[in-house]
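Take a look at the structure below.
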Amino acid sequence: MSFAPLSLKAAQWVQKRKSDPAGFQEKLPAPAPGVGMGTNIINCIAVYLAVSLGASLVRSTPLVRTDSGAQLERDWGQQIRLKHLYMEGNSRHLQINPDGHIDSSNSQNFYTLLEIKAVEPGHVVIRGVRTGRYLCMDTEGSIFGSTTYREDDCNFKEEQLQTFYNVYHSPRHKKVLSLSLDKRPFIPNRELPPLSMFLPRENELPTTTHSRRNPERETNDTDPFGMRAGQLASPKLSRVGRG
Numbered sequence: 001m002s003f004a005p006l007s008l009k010a011a012q013w014v015q016k017r018k019s020d021p022a023g024f025q026e027k028l029p030a031p032a033p034g035v036g037m038g039t040n041i042i043n044c045i046a047v048y049l050a051v052s053l054g055a056s057l058v059r060s061t062p063l064v065r066t067d068s069g070a071q072l073e074r075d076w077g078q079q080i081r082l083k084h085l086y087m088e089g090n091s092r093h094l095q096i097n098p099d100g101h102i103d104s105s106n107s108q109n110f111y112t113l114l115e116i117k118a119v120e121p122g123h124v125v126i127r128g129v130r131t132g133r134y135l136c137m138d139t140e141g142s143i144f145g146s147t148t149y150r151e152d153d154c155n156f157k158e159e160q161l162q163t164f165y166n167v168y169h170s171p172r173h174k175k176v177l178s179l180s181l182d183k184r185p186f187i188p189n190r191e192l193p194p195l196s197m198f199l200p201r202e203n204e205l206p207t208t209t210h211s212r213r214n215p216e217r218e219t220n221d222t223d224p225f226g227m228r229a230g231q232l233a234s235p236k237l238s239r240v241g242r243g
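Going by the UniProt record's numbering, the letters in the sequence shown line up with residues 1 to 243, in that order.
As structure tokens, this is what we get:
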């Protein structure tokens with residue numbers, strides 16, 4: 001439905017209403033010659049709705065949420081994420097031990113606290129905060145904590161499922177990261193092995209006690225997290241050989 005143009009008197013009344021709030025109670029002006037009562041009423045209704053809508057918008061326009069969107073989209077803006085990988089199926093957290101053994105814990109601790117760094121969109125490197133060991137995979141799909149970073153073994157593709165859990169798989173070895181003995185390859189939309197779906201959980205440990213134990217590092221360790229060399233500005237890890 002279209003509205004007829006405001007008559008001159010109706011327009012004058014609107015202007016007077018703005019400048020003199022007390023005039024809000026006065027009667028509407030008589031219809032202009034040639035303009036029917038129905039048209040004049042429609043004009044007044046349109047004016048009232050426009051004024052009311054404008055005031056409502058000023059009062060209730062919400063702020064844009066900066067944390068909207070999927071968790072992955074929120075986190076990519078951060079270079080290093082401090083997370084605990086909570087496993088679907090056994091309600092435990094992936095844990096990197098000082099000797100490199102990977103197991104799980106039923107609660108958050110400093111061995112389950114992980115640094116997750118994006119090396120390129122959708123690809124991450126994961127390192128234990130306390131041990132300084134990288135989460136890696138061998139050719140058979142077995143996972144271990146290594147003092148040495150090797151791109152082929154320690155880079156993982158991070159995929160978010162419809163359940164909001166993440167799955168990680170090796171682009172090089174084609175296997176799914178799993179704490180079970182089932183080391184099957186990753187095939188989109190196919191059944192995943194047990195203990196392979198992870199929910200990155202926020203850290204609840206005191207932030208002042210993230211002490212790091214630096215293991216003896218092998219000579220081909222490039223320190224991709226840049227903790228020693230101050231390389232945090234670089235989003236891409238250096239490529240190293242499998243020496």
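Positions of the beta carbon are idealized from the N, C-alpha and C atoms, including for glycine.
This structure is a prediction, so every number in the text was calculated from the model and none was measured.
Excluding five sequence positions before and after residue 173, the CB atoms of its chain that fall closer than 6 Å to its own CB belong to 137 and 139, given in chain order. Its chain contains 116, 117, 118, 156 and 158 as the residues whose beta carbon lies nearer than 7 Å to that of residue 124, once the 5 sequence neighbours on both sides are disregarded; these appear in chain order. In the structure shown, the three-state DSSP call for residue 191 is coil.
Scanning 101, 169, 98 and 183 for the CA closest to the CA of residue 152 turns up 169. Across the set 171, 84, 167 and 196, the C-alpha of 196 shows the shortest separation from the C-alpha of residue 181.
Rounded to whole angstroms, the separation of the alpha carbons of residue 95 and residue 113 is 8 Å.
Using a 10 angstroms sphere on the CB of residue 163, the tally of other CB atoms stays under 16, which defines it as exposed. Per DSSP, reduced to three states, the secondary structure at residue 103 is strand.
Around the beta carbon of residue 81, 16 or more other beta carbons lie within 10 angstroms, which makes this residue buried. Residues of the same chain with a CB within less than 7 Å of the CB of residue 128, apart from the 5 flanking positions on each side, are 96, 111, 114 and 145 in chain order.
Distance between residue 84 and residue 178, taken at the CA atoms: about 15 Å.
Ranking 101, 161 and 141 by CA distance to the CA of residue 132 puts 101 first. Distances from the alpha-carbon of residue 87 to those of 205, 107 and 99 put 107 closest. Residue 207 counts as exposed, since fewer than 16 other C-beta atoms from the protein chains shown sit within 10 angstroms of its C-beta.
Annotated three-state conformation of residue 204 is coil, per DSSP.
The C-alpha of residue 105 is placed about 5 Å away from the C-alpha of residue 92. Straight through space, the alpha carbons of residue 175 and residue 203 are spaced by roughly 28 Å.
Beta-bridge analysis with DSSP links residue 129 to no other residue.
The bridge partners DSSP lists for residue 83 are 114 and 202. In the DSSP assignment, the residues bridged to residue 136 are 144. Residue 126 and residue 134 have their C-alpha atoms roughly 6 Å apart.
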